[in-house]
Amino acid sequence: MLSAWAAWPGGADAQSADPPQMPAPLAAQPASTATPAPAYATLVERDLPPPLEQRKGKVCDEFWTRLPNVTWALCEAAELQPGEGRSVRGRPIYVRDVQPTAEQRLRVLVIGGIHGDELSSASVPLHWIQFAKAEPEQGILWRFIPALNPDGLFDRPSRRVNANGVDLNRNFPTPNWEHDATHYWTVRTRKDPRRYPGVEPLSEPESRYLFEEMQRFRPHLIVSIHAPYGVLDFDGPQEPPRKLGRLSLNQLGVFPGSLGHYAGVHKGMPVVTVELVSAELTPRNVEIRRMWDDLHQWMGITLAQADAGEDVPPRLRR
Numbered sequence: 014m015l016s017a018w019a020a021w022p023g024g025a026d027a028q029s030a031d032p033p034q035m036p037a038p039l040a041a042q043p044a045s046t047a048t049p050a051p052a053y054a055t056l057v058e059r060d061l062p063p064p065l066e067q068r069k070g071k072v073c074d075e076f077w078t079r080l081p082n083v084t085w086a087l088c089e090a091a092e093l094q095p096g097e098g099r100s101v102r103g104r105p106i107y108v109r110d111v112q113p114t115a116e117q118r119l120r121v122l123v124i125g126g127i128h129g130d131e132l133s134s135a136s137v138p139l140h141w142i143q144f145a146k147a148e149p150e151q152g153i154l155w156r157f158i159p160a161l162n163p164d165g166l167f168d169r170p171s172r173r174v175n176a177n178g179v180d181l182n183r184n185f186p187t188p189n190w191e192h193d194a195t196h197y198w199t200v201r202t203r204k205d206p207r208r209y210p211g212v213e214p215l216s217e218p219e220s221r222y223l224f225e226e227m228q229r230f231r232p233h234l235i236v237s238i239h240a241p242y243g244v245l246d247f248d249g250p251q252e253p254p255r256k257l258g259r260l261s262l263n264q265l266g267v268f269p270g271s272l273g274h275y276a277g278v279h280k281g282m283p284v285v286t287v288e289l290v291s292a293e294l295t296p297r298n299v300e301i302r303r304m305w306d307d308l309h310q311w312m313g314i315t316l317a318q319a320d321a322g323e324d325v326p327p328r329l330r331r
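Using my numbering, the first residue of the sequence shown is number 14, and each one after it goes up by one.
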C-alpha cells in the first residue's frame, strides 16, 4: 500500500527554487483568460438552532453563524470533535473521522481554513463529511479538519494569518526554509504582512499540529481547500487530476514553507489543492458534489495504481 510517510522523516532534500509569483485572482484577470466561474450558492436561510440544552456542544455556535452555506443541521450532522491541536488563543481545532465499513485501502486528509479569511474553504469540508458518511463501503478512512486556523477564521473581520500574524501555509519545514522563506517574503512579496512565514518553520501551534497529525495519520492523499483563485493545483509524483467540478488544473508552482511544497514536492505525497472561486460564497451544492465525485474518480484510478505498486517512486513503497 502506498505510504509517503513510510520513511519519515526521510525523503529527498532537493533545494527549492525561487517560486513564481502567485497569479492575481480571476476577478482581476482579463475576461478572455479567466476560467468561467461556477454558480455561487446563495447565503442559505438560517435554520433555527435547537434550545441550548439540546445542542451538541458549542462548535456550531461559531461555525453556523460565520460560514457561508452552512445550516445548523449540516454542522451538527458533521459531529466535529476537538482534536489534539489548539490555536494560539487556545481554540480547539476540530476534527471528524469517517470510518469505512469495507476493508480500509486509503487514508485521506482533508484540510480547510488554513487561511482564516477564506470562509468557503471551511464550509466545503462540512458538506463533504456528509458524502463520506453516505459512502462507507468505499474503503477510505477520511479525516477532516475544516478550520485549521480558527483564530483567523473567527476574528472580526476574518484574517488570512493566525493570531501571531503568521501565514500558516508558509510555515512548513521545506528544504532551505531559513533562506528561501525569508527571501521570498522580503523580495517577492515586499514583506506583505499577510504572507509572513514566521521566525522559523513550525513556529506556530496550528502548523505544528498539522505536521504531527500527518505523522500520526500517515495519509495517502492530502486535499487542501483554499480560495479565491478558481483553479485546481497539484503537488506530488502522481499524474494530477485534470479537473474537479468546474475547476481545471493550473499548477501554480511551489512556495517556501507551503504545505504543497513540503508534503507534495519534498515528501512525495500527493497534495490536491482546491482553489475555490470565492472566499465568501461556496459553489452551489450540486457543484460541491461534482467536485467530490471527480476527486473519487481520480483517486480510484491514480491512487489505486499507486496502491498496487505501479509507477510509485521507490521511497514511497513500503
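We put the beta carbon where it would ideally sit given N, CA and C, even for glycine.
Note that this is a predicted model, so its numbers are computed, not measured.
Compare the Cα-Cα distances from residue i to each of the options and report the closest residue.
i, options, result
"R259", "L234, E300, R229", "E300"
"G266", "R302, G249, F157, M227", "G249"
"S220", "R99, Q94, A90", "R99"
"T195", "P269, E148, R118", "P269"
"L308", "H233, N298, L257, T78", "L257"
"L166", "R104, G273, E213, K146", "R104"
"V285", "V121, L316, S237", "S237"
"R302", "P218, A145, P149", "A145"
"Y247", "P95, R102, G281", "Checking the sequence, you will find Phe at residue 247 rather than Tyr. Considering only alpha carbons, the answer is G281."
"E13", "R156, E252, R229", "Limits of the chain in this structure are 14 at one end and 331 at the other, which puts residue 13 out of reach."
"E75", "P163, E191, S216", "P163"
"Y222", "L245, H274, V101", "V101"
"P188", "D205, V278, L262, I158", "V278"
"Q310", "N263, R297, P253", "P253"
"L154", "N177, A115, W85, H128", "A115"
"L87", "R109, Q143, G96", "Q143"
"Y242", "D168, S133, Q112", "S133"
"P113", "D306, G152, P206", "G152"
"Q251", "R201, L245, V200, M312", "M312"
"D193", "L245, V212, L61", "V212"
"P296", "W141, P218, R109, W77", "W141"
"A90", "W190, D110, V179", "D110"
"R229", "G178, E97, A147", "E97"
"H128", "C73, L61, D168", "D168"
"Y209", "N177, P232, A147", "N177"
"I314", "L294, H274, R255, Q264", "R255"
"W305", "P64, L61, E148", "E148"
State the DSSP-derived secondary structure class of residue i, mapped to helix, strand or coil.
i, result
"R109", "strand"
"S136", "helix"
"P163", "helix"
"T286", "strand"
"E293", "coil"
"P22", "With a pLDDT of 37 at P22, under the threshold of 50, the modelled position of this residue cannot be trusted; read the value that follows with caution. Three-state DSSP puts P22 in coil, outside helix and strand."
"W311", "helix"
"R99", "strand"
"Q251", "coil"
"Q94", "strand"
"H274", "helix"
"V299", "helix"
"R173", "coil"
"A317", "helix"
"K71", "coil"
"H128", "coil"
"V200", "helix"
"Y222", "helix"
"L215", "coil"
"A86", "helix"
"N189", "coil"
"Q143", "helix"
"D306", "helix"
"E150", "helix"
"P241", "coil"
"P210", "coil"
"N184", "coil"
"A194", "helix"
"A114", "The sequence given here has Thr at residue 114, not Ala. It is coil, neither helix nor strand."
"F268", "coil"
For my contact list, residue i and residue j are in at a C-beta cut-off of 8 Å; report their separation, rounded to the angstrom.
i, j, result
"L289", "A240", "4 Å"
"S171", "L80", "Actually they are not in contact, since the Cβ atoms of S171 and L80 sit about 10 Å apart, beyond 8 Å."
"M227", "A276", "7 Å"
"L139", "L234", "Going by Cβ atoms, the distance from L139 to L234 rounds to 19 Å, so no, they are not a contact pair."
"D4", "A317", "Lying before the first or after the last residue shown, residue 4 is absent from the chain, which here runs from 14 to 331."
"Q94", "Y107", "7 Å"
"F185", "L122", "At roughly 14 Å, the Cβ-Cβ gap does not stay under 8 Å, so F185 and L122 are not in contact."
"R173", "R207", "5 Å"
"V244", "S261", "7 Å"
"P214", "W190", "5 Å"
"V179", "E225", "With 8 Å as the limit, V179 and E225 do not qualify as a contact, their Cβ atoms being about 17 Å apart."
Bridge partners for residue i per DSSP, in chain order?
i, result
"D246", "T286"
"V123", "F157, V236"
"K256", "S261"
Under 8 Å, Cβ to Cβ, is there at least one residue of chain B near residue i?
i, result
"E89", "The chain inventory of the structure shown lacks chain B, comprising one protein chain alone."
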